[in-house]
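Residue numbers (the numbering used here): 14 to 300. The beta carbon of each residue, even a glycine, is placed where N, CA and C say it ideally should be. Only a predicted model underlies this, so the values are computations on that prediction, with no experimental measurement involved. Each remark here refers to the structure printed beneath this line.
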């Protein structure tokens with residue numbers, strides 16, 4: 014699954030299509046909760062440049078954000094770090110390959126990334142947070158688009174299969190896989206030991222909750238965007254046009270608006286991430 018067609022379909026994740034990566038920025042907003050009333054404040058464009066800055070992930074301690082950025086003439090991407098306290102950006106990975114989807118691993122010592130290797134293979138690699146050389150996590154599993162850790166021994170991967178992308182759960186030791194669903198979206202989240210994901214349903218996306226123990230999925234509802242956040246034990250946030258909404262929708266008017274991002278000058282949102290303490294929101298905005 015290393016063709017240019019597949020790469021374009023997945024927002025040009027492969028090195029064949031570097032020039033086609035979207036021009037996007039990462040915004041940061043403060044979240045305030047006053048007696049259950051959520052409000053958003055102090056929008057800051059933390060990248061604010063022409064080029065690709067995407068896939069933000071908050072650190073477990075909430076002190077910094079990792080993201081994928083394309084900044085040099087080679088067209089490759091690296092993982093960068095934005096420090097929330099001092100507001101500085103530093104380069105975390107320095108390779109001849111491209112890295113996407115930075116994700117903190119359960120052991121707290123590494124981040125995992127989707128690496129586009131020199132032969133265009135897309136495998137899962139890990140980098141030590143303390144510094145050092147990266148290593149491949151699963152050599153036998155290729156064509157990975159996105160991933161989410163289920164636990165320290167298994168990972169959910171979005172695989173670029175034809176004709177529809179599949180969700181697979183892999184044991185990182187045996188590298189055995191179980192196919193969970195097809196026609197899936199890029200976003201996967203864990204809550205209370207269960208994996209949440211979406212499948213395409215026309216303009217909307219069906220949201221499912223997968224129980225790894227019973228190996229069964231339960232449909233929860235529909236949202237408009239691929240990306241979503243799981244808030245607390247019961248709430249879900251997603252994107253609708255230029256707004257973030259709460260709940261499920263059977264039509265465009267089916268969920269409650271949390272914030273209209275356009276009021277902050279943020280338009281065309283595509284991704285959202287929230288800090289572990291729930292006090293910061295990162296939004297990717299296409300230009």
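Separation of residue j from residue i, as counted between CA atoms
i	j	result
residue 290	residue 151	32 Å
residue 115	residue 49	32 Å
residue 292	residue 73	13 Å
residue 69	residue 167	22 Å
residue 61	residue 228	43 Å
residue 298	residue 240	13 Å
residue 283	residue 188	32 Å
residue 55	residue 254	21 Å
residue 127	residue 38	20 Å
residue 117	residue 144	14 Å
residue 45	residue 294	11 Å
residue 140	residue 103	15 Å
residue 20	residue 243	Residue confidence for residue 20 is low, a pLDDT of 38 falling below 50, so the modelled location carries little weight and cannot support an answer.
residue 84	residue 252	27 Å
residue 278	residue 58	10 Å
residue 213	residue 157	18 Å
residue 88	residue 224	39 Å
Residue i - DSSP class collapsed to helix/strand/coil
i	result
residue 50	strand
residue 9	Residue 9 lies beyond the residue range present for the chain, which begins at 14 and ends at 300; the question has no answer from this structure.
residue 33	helix
residue 65	strand
residue 77	strand
residue 292	coil
residue 178	coil
Reference residue i, options the options, closest by Cα
i	options	result
residue 262	248, 283, 234 and 246	234
residue 111	119, 103 and 91	91
residue 221	59, 157, 180 and 256	180
residue 43	155, 97, 171 and 34	97
residue 258	215, 270, 129 and 238	270
Opposing strand residues paired with residue i [DSSP bridges]
i	result
residue 136	128
residue 224	229
residue 203	208
residue 256	253 and 273
residue 244	248
8 Å Cβ cutoff met for residue i and residue j
i	j	result
residue 296	residue 287	no
residue 174	residue 197	no
residue 162	residue 149	no
residue 113	residue 94	no
residue 120	residue 165	yes
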